[in-house]
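Some notes on the structure that comes next.
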Amino acid sequence: MNLGERVRDDFPLLHRTINGKRLVYLDSAATSQKPRVVLDALMEYYHDYNANVHRGIYRIAEEATARYEESRAKLAAFLGAARREEIVFTRGTTEAVNLVAATWGRANVGPGDEIVLTIMEHHSNIVPWQLLAAEKGARLRYIPVTDEGRLDLSALDGLLTERTKLVSLTHQSNVLGTVNPVRLIADRAHAMGAKVLVDGAQSVPHQAVNVQALGVDFLAFSGHKMLGPTGSGGLWARYDLLEAMPPYHGGGEMIMLVTLERSTYKDPPHKFEAGTPNIADSIVLGVAADYLRGIGFDAITAHERDLTAYALERLRTVPGLTIVGPAEPVDRGGAISFTMDVVHPHDIAQVLDQEAMAIRAGHHCAQPLHRRFNIAATARASLHLYNTREEIDALVDGLHAVHRMFTRSPHPV
Ligand code: 7TS
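Residue numbers (my numbering): 1 to 413.
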């Protein structure tokens, strides 16, 4: 039995039927399904020890605080961080990138400075930098993408200069599936004195990510894509950077002392967690990380690589289908986007929905990347550890049926 078959029973939602058919969930790049241990841990929090953190001195408040901080420690270990105080809980990748732009960015980026991004970024790693650049008079530059869907590293020499303050790039593309050579780019950026942020939204759920090995300064990640609850996630940053960064939101629990004129702030990470945090979801994110670690990334990555190779091979049999992104299963993950010559991506998704298949169609919050390929939209199937070859077969059969449906002559002779 392969991994997908072995773990399926852990995910109640994967047993749902729609139109009398078993759900085939192929949209994990948007959000992942949750194992029962995650659902149970959420219920346990509200059922047994719901209390605010870092303030009450009674039993359940101390339990909640301990579990919240334990989860932080688990995530630090999960990402290979030097210490647990390097993890700031956020609502996800979007908030983590915005936090860096609004704090480190405001303090360190000035007129004429440059921020280097890539054409394959999700909007959440573009728009915050556009806002900062507009405020500061800084300039955004982009690493181009090749026809195959990989970063064109030959452009790095021209892009990285003494004006570069930050390189911010995705580890794994949510559209192309491409896994980028982050270490290589980080070393080049550091040699020019720039800092490096990596968007781990699509890598942290699927491969062993170690921030020391990546050699970056900031890493943003989303809990809901790594089997955890929505509204959970975080920012990892080197402690010295967090210490030097001004706060993000102002409010309760991030201060040492408040007078009518000014305030002093707590040490990181608390300086960046104003107000009542997302206690339940942040605690349960640690449970999701434990679940992934329990299975092990060796097994997860091998299974997803096998499934991706199988899917890429089988998709070639569908007439008129073009993969947008690397067509070989090398240095790529299981987000597979494609177009079909005669059918709009939304029509593909809608027809497959009738067969209880969930894929996504659209620009996947990566409009500049789609513009690069001269297309408005793609259809995307994205995999996770719980998917199986049978589901890939169902997808491919479904796509053959879509093609037949849209190429059938309306006036049969
Ligand atoms: N970065 C990447 C690479 C992503 O894929 C996403 C979400 C984000 C950032 C933003 O994460 P959030 O958790 O803060 O929303 N990607 C997708 C997607 O591909 N379909 O829906 C959401």
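Every residue gets a Cβ at the ideal spot worked out from N, C-alpha and C, and that includes glycine.
* Asked: In three-state DSSP terms, what is Asp306?
  -> helix
* To do: Identify every residue that forms a DSSP beta bridge with Asp199.
  => Thr170 and Ala220
* To do: Would you identify the three-state DSSP class for Tyr291, choosing helix, strand or coil?
  => helix
* Given 8 Å as the limit, is there contact between the region 270 to 280 and the region 46 to 58, that is, 3 or more CB pairs closer than that? -> yes
* What does a CB cutoff of less than 7 Å around Thr276 pick up in its chain, not counting 5 residues either side in sequence? -> Asn52
* According to DSSP, is Val175 helix, strand or coil? -> coil
* Using 8 Å as the limit for Cβ to Cβ distance, is Ala289 near chain C? -> Absent from the structure: chain C. Only one protein chain is present.
* To do: Name the two residues that bound the continuous alpha helix (DSSP H) containing Glu261.
  => Unbroken run through Glu261: none, as it is neither H nor E.
* **Within 8 Å, strictly: CB atoms of Leu385 and Gly4** => yes
* Return the first residue and the last residue of the alpha helix (DSSP H) that Arg36 is part of. => Arg36 to Asp48
* Asked: Under the rule that 16 or more other beta-carbon atoms within 10 Å means buried, what is His303, buried or exposed?
  -> buried
* To do: Tell me Trp236's beta-bridge partners as DSSP assigns them.
  => Ile87 and Leu219
* By Cβ distance below 8 Å, which residues in the same chain neighbour Tyr239 in space, the five residues on each side in sequence not counted? -> Ala82, Arg83, Glu85, Glu86 and Pro268
* Coarse secondary structure for Glu114, derived from DSSP in three states -> strand
* How about Thr418 and Gln202: are their beta carbons less than 8 Å apart? -> This structure gives no information on residue 418, because the portion of the chain shown stretches from 1 to 413.
* Spatial distance of Gly137 from Glu62 (CA atoms) -> 47 Å
* Asked: Which residues in the same chain have their Cβ closer than 6 Å to the Cβ of Val413, if we skip the five residues on either side of it in sequence?
  -> Note that Val413 scores a pLDDT of 49, beneath 50, so its modelled location is shaky; the value from the coordinates is reported in the next line. For Val413, where only same-chain residues beyond five positions count, there are no Cβ hits under 6 Å.
* Give the straight-line distance between the Cα atoms of Ile126 and Tyr58, rounded to the nearest whole angstrom. => 44 Å
* To do: Can you tell me which of Val343, Leu307 and Met340 puts its alpha carbon nearest to the alpha carbon of Glu328?
  => Leu307
* Asked: Quick one: Cα of Ala66 to Cα of Pro247, how far?
  -> 24 Å
* Would you decide whether Glu391 is buried or exposed? Buried here means 16 or more other CB atoms lie within 10 Å of its CB. => buried
* Backbone secondary structure at Lys225 - three-state DSSP -> helix
* **Whether Glu355 touches Lys21 by CB criterion (8 Å)** => yes
* Gly105 vs Leu132 beta-carbon contact at 8 Å -> yes
* Whole-Å CB distance - Val179 paired with Arg332, under 8 Å assumed -> 6 Å
* To do: State the beta-bridge partners of Phe338 as determined by DSSP.
  => Ile323 and Ala379
* Asked: Could you give the distance in angstroms between the alpha-carbon of Phe218 and the alpha-carbon of Thr164?
  -> 16 Å
* Asked: Is any heavy atom of ligand 1 found at a distance shorter than 7 Å from the C-beta of Asn2?
  -> no
* Residue list, Cβ distance to ligand 1 heavy atoms smaller than 5 Å -> Ala29, Ala30, Gly92, Thr93, Thr94, His122, Ser124, Thr170, Asn174, Asp199, Ala201, Gln202, Ser222 and His364
* Asked: Over what stretch of residues does the alpha helix (DSSP H) that includes Gly158 continue unbroken?
  -> Leu156 to Leu159
* By Cβ distance, which residues of its chain are closer than 8 Å to Lys74, with the 5 residues on each side in sequence left out? -> Gly286, Ala289 and Asp290
* Coarse secondary structure for Gly362, derived from DSSP in three states -> strand
* Grab me the residues of Gly398's own chain with a C-beta within less than 8 Å of its C-beta, minus the 5 sequence neighbours each way, in chain order. => Val351, Leu352, Glu355 and Met357
* To do: Please check the pair Thr146 and Asp152, which I expect to be a contact at CB under 8 Å, by giving their CB distance rounded to whole angstroms.
  => 5 Å
* **Local conformation of Val53 per DSSP, three classes** => coil
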